[in-house]
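Following my numbering, the numbering of the sequence shown begins with 10 at its first residue and continues without gaps.
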Amino acid sequence: MSFDTSHANRDDLRPITPRQAMEEWLDVIEADTAGSTAHSYRRRVRQFVQWLESEDVLNLNIVDGRDIKAYRDHRAPALNNTSMKNELRTVRQFMSYGVALEAVEPALVEKFSAHIPSLTKGEASSDLMLGRERAHAILDHLDRFRYATRDHALFITMWDTGARISGLQALDLDDFDAEDGTVRFVSREESETRLKNGLTGERLNVLNEKTVEVLRHYIREHRRDVEDDFGRKPLFTSKFGRPTSSTFRRTTYNLTHPCFRGGCPHDEDPDTCQYREHGHESKCPSALSPHPIRTGRITDLRNRGVRIQKVAGRVDALPDTIRAYYDKPNLGEELDRRRDEIAEAGL
Numbered sequence: 010m011s012f013d014t015s016h017a018n019r020d021d022l023r024p025i026t027p028r029q030a031m032e033e034w035l036d037v038i039e040a041d042t043a044g045s046t047a048h049s050y051r052r053r054v055r056q057f058v059q060w061l062e063s064e065d066v067l068n069l070n071i072v073d074g075r076d077i078k079a080y081r082d083h084r085a086p087a088l089n090n091t092s093m094k095n096e097l098r099t100v101r102q103f104m105s106y107g108v109a110l111e112a113v114e115p116a117l118v119e120k121f122s123a124h125i126p127s128l129t130k131g132e133a134s135s136d137l138m139l140g141r142e143r144a145h146a147i148l149d150h151l152d153r154f155r156y157a158t159r160d161h162a163l164f165i166t167m168w169d170t171g172a173r174i175s176g177l178q179a180l181d182l183d184d185f186d187a188e189d190g191t192v193r194f195v196s197r198e199e200s201e202t203r204l205k206n207g208l209t210g211e212r213l214n215v216l217n218e219k220t221v222e223v224l225r226h227y228i229r230e231h232r233r234d235v236e237d238d239f240g241r242k243p244l245f246t247s248k249f250g251r252p253t254s255s256t257f258r259r260t261t262y263n264l265t266h267p268c269f270r271g272g273c274p275h276d277e278d279p280d281t282c283q284y285r286e287h288g289h290e291s292k293c294p295s296a297l298s299p300h301p302i303r304t305g306r307i308t309d310l311r312n313r314g315v316r317i318q319k320v321a322g323r324v325d326a327l328p329d330t331i332r333a334y335y336d337k338p339n340l341g342e343e344l345d346r347r348r349d350e351i352a353e354a355g356l
């Protein structure tokens with residue numbers, strides 16, 4: 010591999026291609042980070058590296074502040090401020106690794122601050138979430154027409170526990186105890202199902218009676234008797250073993266499509282709608298990923314009077330994180346909470 014050194018800022022930088030640096034950085038990230046987060050980092054940095062290659066920048070040494078601005082301008086039409094901030098912060102982290110490789114000027118990392126957008130309070134914490142009424146409408150539909158299928162079992166467990174994808178994906182058959190009505194989240198990093206917060210994220214959740222019933226029937230009637238690559242028996246299965254995170258996301262996108270229960274607010278014909286095609290599920294304006302479902306469940310628990318410390322233990326999140334990013338009551342719900350607090354205090 011030959012390197013372009015004609016624009017190098019300093020002679021003592023060590024040449025390396027952006028792609029090679031990215032792969033080395035990802036090796037470090039994937040060793041220390043949960044799968045879903047590592048996947049996001051890979052996707053964001055790959056966009057940057059592919060853009061550098063399209064601009065014939067084949068040596069990380071020559072990247073400068075003008076390139077960062079040009080890349081931001083290139084990505085601006087496709088990203089909102091929140092996504093832009095997340096992407097550029099990840100690219101900055103990658104370039105910091107370049108500094109450690111002696112391939113990037115330290116001053117370049119400092120220049121990122123000028124290009125990373127500031128967010129309003131609303132942008133910093135999206136209000137997008139699945140409301141209780143809509144969640145129960147989906148569950149009622151599943152109960153009537155797709156009872157105890159994997160989709161039904163997955164969705165009701167997701168809503169009941171408020172768990173992340175990494176937690177749901179990590180569940181083994183033996184983690185569900187039908188007699189006790191519980192499900193245990195265990196981090197098993199050695200067999201590639203690390204929880205987001207590792208061992209500190211391990212917990213035991215008591216399940217709703219309906220969730221237990223659906224899981225029991227799913228296991229008896231619809232669960233595939235398969236093992237994953239490590240000889241473990243996943244609770245939620247595919248014909249290949251343990252489903253991928255993309256399978257979980259695709260499931261929630263499909264189940265939150267309005268036409269799943271009938272009727273489309275976007276004037277599309279479900280038989281010809283492009284959003285119903287494989288790989289395009291997320292493009293429906295009404296489709297939701299697992300994160301808004303988790304947000305909706307946390308807000309629902311808080312609306313129903315569950316103390317924030319209890320919610321935090323159930324969903325593996327700090328109370329301050331819940332307040333900042335997950336608890337999103339509307340004005341009426343906020344007023345109801347205040348009335349309950351006043352009544353409880355006897356004022």
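Glycine included, C-beta positions come from ideal geometry on N, C-alpha and C.
Only counting the same chain, and skipping five residues up and downstream in sequence, which positions put a Cβ closer than 7 Å to that of Arg51?
Correct list, in chain order: Leu35.
Thinking C-beta only, is Val221 closer than 8 Å to Gly190?
Cβ distance < 8 Å, so Gly190 and Val221 count as in contact.
Got a sec, what are the start and stop residues for the beta strand (DSSP E) Asn214 sits in?
Start and end: Arg212 to Val215.
Considering just the uninterrupted stretch of the alpha helix (DSSP H) at Thr385, what are its terminal residues?
Any property of residue 385 remains undetermined from this structure, which presents the chain solely from 10 to 356.
Counting along the chain, where does the beta strand (DSSP E) carrying Val324 start and finish?
Where Val324 is concerned, there is no enclosing beta strand (DSSP E), although the alpha helix (DSSP H) it sits in stretches over Ile317 to Val324.
Take Pro279 and list the residues in its own chain whose beta-carbon comes closer than 8 Å to its own, dropping the five residues that flank it on each side.
Same-chain partners within the cutoff: Cys268, Cys273 and Arg285.
The alpha helix (DSSP H) that contains Arg193, what's its start and end?
Careful: Arg193 lies outside any alpha helix (DSSP H), inside the beta strand (DSSP E) at Thr191 to Phe194.
Check whether the segment 191-204 and the segment 151-158 touch, using three or more Cβ-Cβ pairs below 8 Å as the test.
Counting Cβ pairs under 8 Å, fewer than three are found: no touch.
Short of 6 Å in beta carbon distance, which residues of its chain neighbour Ala162, apart from the five on each side in sequence? Order them along the chain.
If we look at Ala162 and ignore the five residues flanking it on each side, its Cβ neighbours are Val223, Leu224 and Tyr227.
Quick check for students: name the residue ranges of the beta strand (DSSP E) that lie wholly in the segment 106-132, counting only runs of 3 or more.
Within the segment 106-132, no complete beta strand (DSSP E) run reaches 3 residues.
Just to confirm before moving on: does the CB-CB distance between Ile147 and Thr260 stay below 8 Å?
Cβ atoms of Ile147 and Thr260: not closer than 8 Å.
Hey, quick one: how far does the alpha helix (DSSP H) through Ser175 stretch, first residue to last?
From DSSP, the alpha helix (DSSP H) with Ser175 extends over Ile174 to Ala179.
Rounded to the nearest angstrom, what separates Pro24 and Gly176 at their Cα positions?
Distance between the alpha carbons of Pro24 and Gly176 is about 40 Å.
If you drop the 5 nearest sequence neighbours on each side, which residues of the same chain put their C-beta closer than 7 Å to that of Glu230?
Cβ within range, chain order: Ala157.
Considering Cα atoms alone, identify which of Asn217, Glu218, Thr26 and Gly322 is closest to Glu62.
The shortest Cα separation from Glu62 among Asn217, Glu218, Thr26 and Gly322 belongs to Thr26.
Per the DSSP calculation, Ser202 is bridged to which residue(s)?
Residue 202 is actually Thr in this sequence, not Ser. In the DSSP output, where bridge partners are listed per residue, Thr202 has Arg197.
Could you pull the start and end residues of the alpha helix (DSSP H) that Thr166 belongs to?
Where Thr166 is concerned, the enclosing alpha helix (DSSP H) stretches over Arg159 to Thr170.
Since Arg233 and Thr253 should fall inside the 8 Å C-beta cutoff, what is the C-beta to C-beta distance between them, to a whole number of angstroms?
Between Thr253 and Arg233 the Cβ distance is about 15 Å, and since that is not below 8 Å, they are no contact.
Of all the options Gly210, Ile71 and Asp169, which has the alpha carbon lying nearest to the alpha carbon of Gly107?
Selected option, being the one with the closest Cα: Ile71.
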